[in-house]
Structure formats: C-alpha cells, structure tokens
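Participant:
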Amino acid sequence: MYRYDEFDRQFVLERTAQFRDQAERRLSGELTEEEFRPLRLMNGLYLQLHAYMLRVAIPYGTLSSKQMHQLAYIADKWDRGYGHFTTRQNIQYNWIKLEDTADILQALADVEMHAIQTSGNCIRNVTTDHWAGAAADEIADPRPVGELLRQWSSLHPEFSFLPRKFKIAITGAPNDRAAVKVHDIGLRLHRNAKGQAGWEVMVGGGQGRTPMIAVTVREHLPENELVPYLEAIMRVYNLYGRRDNKYKARIKILVHEIGAEKFRSEVEAEYARHPHQTTEVEERELARIAKYFAPPRFEKLSRFVPQFEEAKLKDKDFGRWVKNNTAAHHVDGYTIVNISLKATGEIPGDATGEQMRVMADLAEHYSFDELRVSHAQNIVLPHVKLSDVHAVWLKLKAHNLAEANYGLVGDIIACPGMDYCSLATARSIPISQAISRKFADARKQEEIGAIKINISGCINACGHHHVGHIGILGLDKKGEEFFQITLGGSSSENASIGTILGPGFAGHEVPDAIEKIVDTYIKLRSPGEEFLSTYRRIGPQPFKEALYAAA
Amino acid sequence: MSTPEKGQVMTANRLRDGEVVFLTRAGIWSEKIDDAVLALEPQAAAALEERAQQDVKATAVTGTYLFDAERIDGKIRALHFRERIRTLGPTVRTDLGKQSQGTAGAFAAVEE
Ligand code: SF4
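See the structure below:
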C-alpha cells in the first residue's frame, strides 16, 4: 500500500503548521490578500463561485479505508456532507471555510494526506491507471515509478517555477486507461521485440484551449534512465517554454511550434550533455519504493466459483452489474469492482459522507483495504474475491452505488461547471443529468454499448470533452448558455481529438441531439462495432445529417 | 411592473467563511442581493469600489468585483446567469447555498 515516508510526514506536518499561522495572520490582517492568495493556492484552497473550495490530492488515486473514512469525516464535519471526485483523481470540497482549513489540513495529515501541489506552475500530482496493480493486461504496476517521479519532482527547486503547470500520466498496461497521450508527459510501459520492458516517452499532449496528442520522443527507454531523461525534457522546456503568454506556455505549444523532430534533438542533446550515471536511479531506491506498493497477499483460488456463477444466473440485475462493472484481475479468483458514481440523474463524481464510509468499509472487508479513484470519477475496489462479489453488490445497492452503467452511456464525465466553478462559461452537471435520464433504460444502455460522453463547462476542459467519443463543451453566447458537440475523441492508446460537428445547441436541446447521434450510430454500425469505430469508419457526415438536416 | 433601473452591484466573498456577500447602502456586506445598493452612475460605482477595497484591507472580504444588475419592483436581478446562480446556490443542489438558507435572490438562475 502506498504510504508516505518519514520525510513526507515531517514536511506535511510543517506545512500544515505554517498554513495555520498564515491563515491566522490573514484573518488578523497581518497578511494582505495578495500575500495570502498564493499561499492558500499552494495548499489547494481556491475561491470558487459560492465559497472556498479545497482540493485534496490523492496520489495515483490510491486510498486506504482509513483515508476514505477521513474524507467522509471531513465532508460531514466541515463541508455539507459530500465531496466531488474529479477527473484528476482528486477530491474537492465545495463549502470550506477559511477559518476551518488548517484543522482540515491537520485531519488530512493525520492520515498522511495533503493538498500540496494541486495548483501552481509545478509538476502536479502524477496520475495513473486506476486498475494499477490489479489489471489482467498489465505488464507491471506503474505506481512505483510514478512515486519515484513524485519524489523527484516534489518541491524540486529547478521545477517549481515552470512556465506553466505540468502534468505527468503513466500506464503499465497496453490498454491505456490513464490518458497518457493527452498529458504534458505520458509514459507507457511496453515490451520490445526482445521481450524487454521499457518506457515509451511521449511529450506535448494536452487538452484545454489547444488540445493536442503527445508525440513520442523515445520509443523504449530503460527504467533507470527515466529520471535523468525527464530532467532533460524539463530543462528544454524551462529554457524554451514561453513565459510571455499564459495560453502559449504549456509544453505542448513548444513541441508543436518547433516540431517534434527539433524538440527531440534538443532533448537528446541536453540528455547527452549530462553524464547521467550520476543521477541514474539506484536500483535500491526503486526497490525500496516498490515495497510500498507490494501486492497484497492473494490467496490461491479457483478461477471458477460456483456460488458466484449461480448468483449471476439467479439474479439478473446482479448478473448485469457483474458484466458491466467488473473487470479481469491478474490473479485467479479475484476481480476488479468498479463502483459507478453515476446513478441515473445524479451528479457525476459526487459521493456523500455515508457513501464514502460504505465504500471504505467494503474495501476494508473485501479489497485488502484499498480503493482507487478513477479519472472517470468512479471508485474502484481493486481486489475483490469472486466469492465476495455478491455481498459487495448487495451493500452497494443499499446505498445507491450499484448502477450497472460502467463504461456505458450513463457513465458520463462532467466537470463542476457553472454550478460551482468560477471560471465556467456554462453549466455541465445539469446537461449530464438530463442525458443520463434520457438513457435511463438499462437495457437500452447495454444495447448501445461502450461509449464515453464527456462534458466541460468551459474551454479549460476539466471534463475532458476533447477526448470524449461524444464531447460537450458549454459556452456563453451573449449571456446564454449554449453547447458545442464534438465527435470522435478518445483518450485511449489510439487517442484522438474530437471534431466539432456543427452549430451549438441550447441546453434543453442537448439530450435530443445526443439521442439522434446515438440512433444514427445504431442504425449504421456493423455487428459488434463500438461507437468510436463506427465513427472512425463512416466519419461525421451521417451524424451531421441526422442533427442538422431537418433544420 | 415598474421600468427596471440598470446599474452595478458590488459583490465579494466573506474572508473567514467564503460566503457570497453584497455591499449595501449602509456600507455593510449582506448575504442577500436584495439588500445591495445599485450604483446607477459610474461615480457611485467608483465609490463602491473604494469602499470594497477598504474592506479587503480590513480583512472583511475578498474577491471583490462589480457586476451588472437591474432593479425591478424593489428586487435586484443580476443580468448574467452566472451572477444569478451566485445569488441562489448550485442549480443542481437546491438544498444548498442561499436558496436553502432564506437568503436567496428573487430571480431564477436561468429562465427556461
Ligand atoms: S472545465 Fe472550466 S468550468 Fe469545468 S471545472 Fe474546469 S475550469 Fe471549471
């Protein structure tokens, strides 16, 4: 299980004490707002539309039951009884008081959590596959390497004042669930022809107002060269990245302005300049970190569990949920349970304190004390015995957590949008709720199959609309909300940026428009063909006709 | 209905708890938009700015800005839906925010 080392513990405690002092000095007037603002942002405290918002880091989206219990406690004691799990695998509280914040940070520190480096122009929380350490298709658990990068980049003096924020994502599996190609740096573990594992290094992906797919700068980098190589990338960025214009400051702009070839040669030149033996990661250090992520003590179990098979047959609802919400585990007799935080008509990613406690207890009893937060705003129990799945489901069902829509049309990603976010140009949650109600029929959802609808409330794209199979972007047109629809985006290993279909829609028109798109797909798909494949085969034209022809 | 008067309202978040507040004629900050003073002229708006800056210094509020609004039958309506959502609370959680505390503005966040 991931945990902080002694250095982190000390540091987080000091930081919490510092913040308590800073907040007191702000409240007493000793610090001005200009002085205080960067300090509160460094500790994850934002001012949002209705109140302060606290963003809490969840490294690798990995949580213990105890930590999840603490998140529930914070929600109940200092917020309004709920929290919002985000597409950055973090949690946000929407109704935080400045005068309570130091106590909350202390409560987080008590369970080795914090809100550091969730903002600012530094290397942010490294994100990864929410099935890491569990997925059947995985070559290796990517989290030790993620952790190595975190320790290397945290408070790194050279990389604390970058031209802009910097996000790294990492996957240890061929099926990319960490969206590595739309991050500043994406790392993918794979085997070369000789069967050796190594890292593909991709740079310059991103979303926001200029969405781009990352380019590969190294096909197959040995693991012990990762840190020095990334250091070379960061140096090139620090040197050439544009600090004059916020909108051109991300590394993606640099990579695409000078071109992949030139960027690659700059990085290689920088890399060659520094003899990297000196900074090469010692095997020992990685081994030490890897111990924190040691696999749990799995039992030797049969792949076939009669009572589980019977339960699926006897209870059709359970059977459907198993089919949609569980995924293959690399150990026989275990499965990955995906808990959808997208019950019909509910707010994507929101969970009440009570629901958090239920999930924490389930993790403690049935999943080696472990939970994950996915970037699709769901919660994962990574290691559940097949023989326990029915009991888990019954408990989830009693708390409105057993929606069988994982990966289906109801499993919508939506950012907070104008209902909470001060940067928003339109609301996104009500759009997702309306679509989810439109497709409430479970059988219909299954008939449609795998499809990702992603909604953002502004061009910052926290709702990942550019990489939704169907993307929805909320904009402000002369003081009215309107919504642009894109098709064909994907954040998988075959990543692509969606294309705008045509003129936008008023909010109340969006669910019908989505239905027309889905109906067109159903009409034109080949047997067994998923939405994205159909779109890539037939292109946007038939969808345009369906949407705009009658008008 | 009387003809609406158009002007600007000064808003902020209360420093200690973040609550959305509006500057009143008496120069205090109210949780209700209907208590706000509507600055009808640039001079009046400038006076609100000045007053707000003082209160930022005095650590009462933070994040001050003016927004466009109109007064209809004694009630104040923000012109932009963003500000109307701010006077009520999240449209997706009507059990939270001003709309649940009896301090909501009189106008809907968004008209259908
Ligand atoms: S996409 Fe825009 S509206 Fe949505 S959370 Fe990000 S900044 Fe806010």
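Chains D and W, in that order, give the protein sequences.
Counting from -3, one number per residue, gives the positions in the first sequence under the working numbering.
Counting from 55, one number per residue, gives the positions in the second sequence under the working numbering.
Even glycine gets a Cβ: it sits at the ideal position worked out from N, Cα and C.
Going by C-alpha to C-alpha distance, which of A193/D, I518/D, A446/D, T340/D sits closest to D437/D?
Facilitator: T340/D
Participant: Taking G403/D as the reference, give the member of R316/D, I468/D, D346/D, V388/D with the closest Cα.
Facilitator: R316/D
Participant: Considering only C-alpha positions, which residue in the set G500/D, H462/D, V369/D is nearest to H80/D?
Facilitator: V369/D
Participant: Can you give the beta carbon distance from I481/D to A446/D, rounded, assuming they're within the 8 angstroms contact cut?
Facilitator: Actually they are not in contact, since the Cβ atoms of I481/D and A446/D sit about 19 angstroms apart, beyond 8 angstroms.
Participant: For D472/D, which of I496/D, G201/D, A130/D, S424/D has the nearest alpha-carbon?
Facilitator: S424/D
Participant: Tell me which residues share the same chain as D515/D and place their Cβ nearer than 8 angstroms to its Cβ, disregarding the 5 neighbours each side in the sequence.
Facilitator: A542
Participant: In chain order, what residues of the same chain have a beta carbon less than 8 angstroms from the beta carbon of V388/D, not counting five sequence neighbours either side?
Facilitator: V333, L358, Y362, L377, V380
Participant: For Q537/D, count neighbouring C-beta atoms within 10 Å of its own C-beta (all shown protein chains included) and say buried if the count is 16 or more, exposed if not.
Facilitator: exposed
Participant: In this structure, does DSSP put H80/D in helix, strand or coil?
Facilitator: strand
Participant: Check whether the Cβ of C458/D lies closer than 7 angstroms to any heavy atom of ligand 1, and answer yes or no.
Facilitator: yes
Participant: Is K86/W helix, strand or coil when you go by DSSP?
Facilitator: coil
Participant: Relative to chain D, which residues along the stretch 82 to 114 of chain W have a C-beta separation below 9 angstroms, given in chain order?
Facilitator: For the stretch 82 to 114 of chain W, the beta-carbon criterion of a distance under 9 angstroms to any beta-carbon of chain D is satisfied by V110, K111, A112, T113.
Participant: Can you tell which of C411/D, A324/D, P291/D has its C-alpha closest to the C-alpha of G345/D?
Facilitator: It is C411/D whose Cα lies nearest to the Cα of G345/D.
Participant: Helix, strand or coil for M109/D, going by three-state DSSP, please let me know.
Facilitator: coil
Participant: Beta-carbon separation of A112/W and L142/W under 8 angstroms?
Facilitator: no
Participant: When burial is assigned at 16 or more other CB atoms within 10 Å of the CB, is R5/D buried or exposed?
Facilitator: exposed
Participant: Taking 8 angstroms as the threshold (beta carbon to beta carbon), is L150/W in contact with chain D?
Facilitator: With 8 angstroms as the cut-off, L150/W counts as an interface residue toward chain D.
Participant: In terms of alpha-carbon separation, which member of R76/D, E20/D, V463/D, I408/D lies closest to T348/D?
Facilitator: R76/D
Participant: Would you list, in sequence order, the uninterrupted alpha helix (DSSP H) runs of no fewer than 4 residues that lie entirely inside the stretch 375 to 410 of chain D?
Facilitator: 385 to 393
Participant: Taking DSSP as the reference, what is the three-state secondary structure of G143/W?
Facilitator: coil
Participant: Under 8 angstroms, Cβ to Cβ, is there at least one residue of chain W near E505/D?
Facilitator: no
Participant: Determine, using beta carbons only, whether R433/D comes closer than 8 angstroms to chain W.
Facilitator: no
Participant: Excluding the 5 residues flanking R353/D on each side, which residues of the same chain have their C-beta closer than 7 angstroms to its C-beta?
Facilitator: H65, A68
Participant: Is it the case that the stretch 197 to 217 of chain D contacts the stretch 147 to 161 of chain D, given that we only count it when at least three CB pairs across the two stretches are under 8 angstroms?
Facilitator: no
Participant: Using a beta-carbon distance below 8 angstroms, is A47/D in contact with chain W?
Facilitator: yes
Participant: Classify K60/W as buried or exposed, calling it buried when 16 or more other Cβ atoms lie within 10 Å of its own Cβ.
Facilitator: exposed
Participant: Please confirm whether any heavy atom of ligand 1 lies closer than 7 angstroms to the CB of P144/W.
Facilitator: No, since every heavy atom of ligand 1 falls outside the 7 angstroms radius drawn around the Cβ of P144/W.
Participant: Kindly identify the DSSP beta-bridge partner or partners of K129/W.
Facilitator: I126/W
Participant: Would you grab the beta carbon distance between V213/D and L144/D for me? Rounded to a whole angstrom, and I think it's under 8 angstroms.
Facilitator: The pair is not a contact, with the Cβ atoms about 19 angstroms apart (cut-off 8 angstroms).
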